[in-house]
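Protein chains: 6
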Amino acid sequence: MAAEFSHLDSQNQPGMVDVGAKNSTTREAKAQSIVYLGADLIQHFEAAGWQNKKGSILQTAIIAGTMAAKRTGDLIPLCHPLGLDACTFDMDVQAEEIIITCTCRLHAKTGVEMEALVGASVAALTIYDMCKSVSKGLVIRETKLLSKSGGKSDFQA
Amino acid sequence: MAAEFSHLDSQNQPGMVDVGAKNSTTREAKAQSIVYLGADLIQHFEAAGWQNKKGSILQTAIIAGTMAAKRTGDLIPLCHPLGLDACTFDMDVQAEEIIITCTCRLHAKTGVEMEALVGASVAALTIYDMCKSVSKGLVIRETKLLSKSGGKSDFQA
Amino acid sequence: MAAEFSHLDSQNQPGMVDVGAKNSTTREAKAQSIVYLGADLIQHFEAAGWQNKKGSILQTAIIAGTMAAKRTGDLIPLCHPLGLDACTFDMDVQAEEIIITCTCRLHAKTGVEMEALVGASVAALTIYDMCKSVSKGLVIRETKLLSKSGGKSDFQA
Amino acid sequence: MAAEFSHLDSQNQPGMVDVGAKNSTTREAKAQSIVYLGADLIQHFEAAGWQNKKGSILQTAIIAGTMAAKRTGDLIPLCHPLGLDACTFDMDVQAEEIIITCTCRLHAKTGVEMEALVGASVAALTIYDMCKSVSKGLVIRETKLLSKSGGKSDFQA
Amino acid sequence: MAAEFSHLDSQNQPGMVDVGAKNSTTREAKAQSIVYLGADLIQHFEAAGWQNKKGSILQTAIIAGTMAAKRTGDLIPLCHPLGLDACTFDMDVQAEEIIITCTCRLHAKTGVEMEALVGASVAALTIYDMCKSVSKGLVIRETKLLSKSGGKSDFQA
Amino acid sequence: MAAEFSHLDSQNQPGMVDVGAKNSTTREAKAQSIVYLGADLIQHFEAAGWQNKKGSILQTAIIAGTMAAKRTGDLIPLCHPLGLDACTFDMDVQAEEIIITCTCRLHAKTGVEMEALVGASVAALTIYDMCKSVSKGLVIRETKLLSKSGGKSDFQA
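For the protein sequence lines, the chains are A, B, C, D, E and F, in the order given. Quick note: to get my numbering, add 3 to the position in the first sequence (first position is 1). Quick note: to get my numbering, add 3 to the position in the second sequence (first position is 1). Quick note: to get my numbering, add 3 to the position in the third sequence (first position is 1). Quick note: to get my numbering, add 3 to the position in the fourth sequence (first position is 1). Quick note: to get my numbering, add 3 to the position in the fifth sequence (first position is 1). Quick note: to get my numbering, add 3 to the position in the sixth sequence (first position is 1).
Encoded structure:
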């Protein structure tokens, strides 16, 4: 950890990391965000086919998450502007919560962890938006990276 | 809760809620997001004045969160496009985590909960981005609404 | 028609129309876009519940159209940047085509025709995108304003 | 056509198509959008050098279309975020209508049909915006793909 | 000047100024940006009707400036997200330079100086982009506020 | 200079330059923008550690400039949409002014001059925004390209 600080800019000014000299490889990252709704709300929405007055909750969340993942470089100040070869979502409805998994993939010089995290987070926020009129007890919890591969060091949570 | 479902569109299609008939009032919402870094990392960054090689971690997060809060209607599909009269952040550094609080205020026909939640979430994701090269153990947890006022029903967590 | 040309800027330079002196009234506009798919394709998608490998065709189109309507001032150079109180879609599936109707409403100094037209057009383009791998014969036709009210002169197609 | 449905996601959830395994080739797409103005309006604008009180109609439309084509991945939910090597417009003024042709080109793993269609559509919407104060009879018709090359299967309308 | 520093946030963290308690008034701001091209280049473009291989230089600059002025809150981190009632440009071609004046107007709680400055700057950058293949000696100079009115204190340069 | 005009489009319509046939090389561009604050203001902010009531002036400017450089293709109509491998800023505080230098780098078919110029300009505008409540005498001057390399012809101011 300490080694990192030797890279400190002498002026301590913010700046994008230079990735010009890195090789392009196939990068993949998988991130998770969990939205707690509570057992009552989950049962209600299951019964309604995950529809509410604003529309299809899960599908709207996936679309919002996909669109946000594509705009990661626009939201996170020091992320590189990247494309995406693939961005997919898995929505796992549990007894009290929904587990959102977002997987991003790209052949690039830098990783797509932030893309996966932004995708999962905005999908979670969209579920929050679509359910908030029905309950005040919603909580988004455990947004984290599950795995990444293709870079200097792979990672598996 | 059940009452809500009587509003279901006959086609179950998504759609923005019509707020045309609502009165403009001063709306405020406060949301929180907690980023877990662990005691070691917190101590390291405290020692470095919350600077790393990408720059000032907390200030970058606040700016990113503010800019994202302003673009909430662009990120969350069925949110109304709104302005903001104020958007402020409080960063409370604890022993193992940072508690981000984002407060948004606007005189409008609908609430600014999502603006506060988006602001807190993107600030949290920016901290994640700026610390991820140093540790793989970061987790964003407990993103939730703390309070809202000015609408049909006030709320306090 | 001719009267309009007396307003020509002496330099013929582009410019937003000044709406500062206009009164805010409740403006509504309804626009339509028709996507021709052909009878075979309509039957196939009906059988599949309007799902394809990219997901739910109609819902994705409605979400894309809503998000684009909110960004009209960002897309059409001389449109005023406006909010929206409401934006709703109706998707009418006919034997050979889908008739998309987008209705926008806002209390403002200028009309929301372009918002409704952009919403309907981007919904149509999204249907095109989601069906283009299955057929090359798609055509978007008859994008037009159906009605507008609340301004200097109401209109009904 | 039927073969396509074997790709249906088991959950019927929306998702970007994975293009990671595809080869980069030079892709070109040409799309067309026709704006009907009517003979009287065409003559008026011809006489005025295609200027109105908002400025130069055709040039503004081309710029708007170019800027929108660049943002296709931002507007169409499941389009890949792509760059563009070239984006050009041809504006063919006929007796009663303007035929807009937008040509996009890129060396990429997936095609640029949607870029060309978005470019042509937003150029058409911009003409609509700039002429709508003069006539209520405007219609955008026949937005379609004219040709594409460089992918798995070429196409010529 | 010194009085200002009493407002310093105790944590020195960035934040939007709260304008919630301010009155809405009609705000106007006028800003200027000057692009130096040199006498030779000015004469060449005058002879060519301000057209180059990328198109009409002045019109493209005005459209770009207008679109950027509308997005000021998106570009400048702590600016409030505002609409605009009017945004107009004047392009004054001198012997060696072009003087761009951008005027913005809005009924709002805060001023539109930054909108006018962003509009003038992006128009200047667009002229730079459209002329840079012909000369390396371009300089954008003297971007400044000319006047503002409607707020706490009017200003005239 | 004259040779350039032989490329004039026969219709004088705007259009992106086609870069499809160009080779990808490592492009670098360095641009400068100077913000004049005056000796009094510079001393005040030096004494306050470049903090004002909106936060850290220099850091906010760098972040805004970085985010704007990433969106150059979105702001300048005929710029190609590009990524960025690196974007760094140097803030040189002089007796009466701040000299902002923005350096951008990318392996691409076309240069990144506009990215560097947009980055420096938006950083300058952000300093203006953060200091404008304290002084009306601010001027952004001398925004220009310092150097570029990697393209057909290198340049050094």
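Here a beta-carbon is modelled for each residue, glycine too, at the ideal position from N, C-alpha and C.
- T75 of chain C and G68 of chain D have their C-alpha atoms spaced approximately 13 Å apart.
- Close to V22 of chain A, with beta-carbon spacing below 8 Å, are these residues of chain F in chain order: D88 and A89.
- I102 of chain F is outside the set of residues whose beta carbon lies under 8 Å from a beta carbon in chain B.
- In chain order, L87, C90, C105, C107, E118, A119, V121, G122 and V125 place their CB closer than 8 Å to the CB of A72 of chain E, counting only its own chain and leaving out the 5 sequence neighbours on each side.
- Chain-order list of chain C residues neighbouring K155 of chain B: empty, with the shortest C-beta distance near 16 Å, by a criterion of under 9 Å.
- 8 Å or more divides the Cβ of L149 of chain A from the Cβ of K25 of chain A.
- The alpha-carbon of T146 of chain C is positioned some 32 Å away from that of L109 of chain E.
- Within the DSSP bridge table, the entry for N55 of chain C names C:G58 as partners.
- Looking at the DSSP output, K73 of chain E sits in no beta bridge, so it has no partner there.
- Within 9 Å of the CB of D77 of chain B, the CB atoms of chain C belong to M70, K73, R74 and D77, in sequence order along the chain.
- G153 of chain B sits away from T63 of chain B, with the two beta carbons spaced by 8 Å or more.
- Beta-bridge analysis with DSSP links Q16 of chain C to no other residue.
- DSSP places S124 of chain F inside the alpha helix (DSSP H), whose first and last residues are E116 to C134.
- Residue contact check for S59 of chain E against chain D: a CB pair falls below 8 Å.
- Within chain F, the residues T63 and I66 have their CB atoms less than 7 Å from the CB of I66 of chain B, given in chain order.
- If you ignore the 5 residues before and after K112 of chain D, its C-beta comes within less than 6 Å of the C-beta of V22, K25 and S27, all in its own chain and listed in chain order.
- K56 of chain F and C82 of chain B have their C-alpha atoms spaced approximately 31 Å apart.
- Note on D95 of chain C: under 16 other CB atoms within 10 angstroms of its CB, so exposed under the neighbour-count rule.
- Non-local beta-carbon contacts of S59 of chain A in its own chain, meaning distances under 7 Å to residues more than five positions away in sequence, involve W53 in chain order.
- For T91 of chain D, the three-state secondary structure derived from DSSP is strand.
- Per DSSP, E49 of chain A is one residue of the alpha helix (DSSP H) stretching across A42 to A50.
- Among the CB atoms of chain E, none fall inside 8 Å of the CB of R144 of chain B.
- When the Cα atoms are used, V142 of chain E and S36 of chain F turn out to be separated by approximately 10 Å.
- Boundaries of the beta strand (DSSP E) around H110 of chain A: E100 to A111.
- Counted as a single uninterrupted DSSP element, the beta strand (DSSP E) harbouring S152 of chain F occupies residues V142 to S152.
- Across the set C:D157, C:E31, C:R144 and C:V137, the C-alpha of C:D157 shows the shortest separation from the C-alpha of S136 of chain D.
- Taking 8 Å as the CB threshold, T29 of chain E lines the interface with chain C.
- Taken through DSSP and simplified to helix, strand or coil, A64 of chain E comes out as helix.
- At a C-beta separation below 8 Å, F92 of chain B has no neighbours in chain A, since its nearest C-beta there lies roughly 14 Å away.
- Taking the Cα of R144 of chain E as reference, the smallest distance to any Cα among E:I101, E:I79, E:L44 and E:L78 is reached at E:I101.
- Interface flag for L81 of chain F against chain D is set, since a Cβ pair is found closer than 8 Å.
- Taking a beta-carbon distance threshold of 8 Å, G18 of chain B counts as an interface residue toward chain C.
- Contact between F92 of chain A and Q46 of chain D is absent: CB atoms are separated by about 53 Å, not below the 8 Å threshold.
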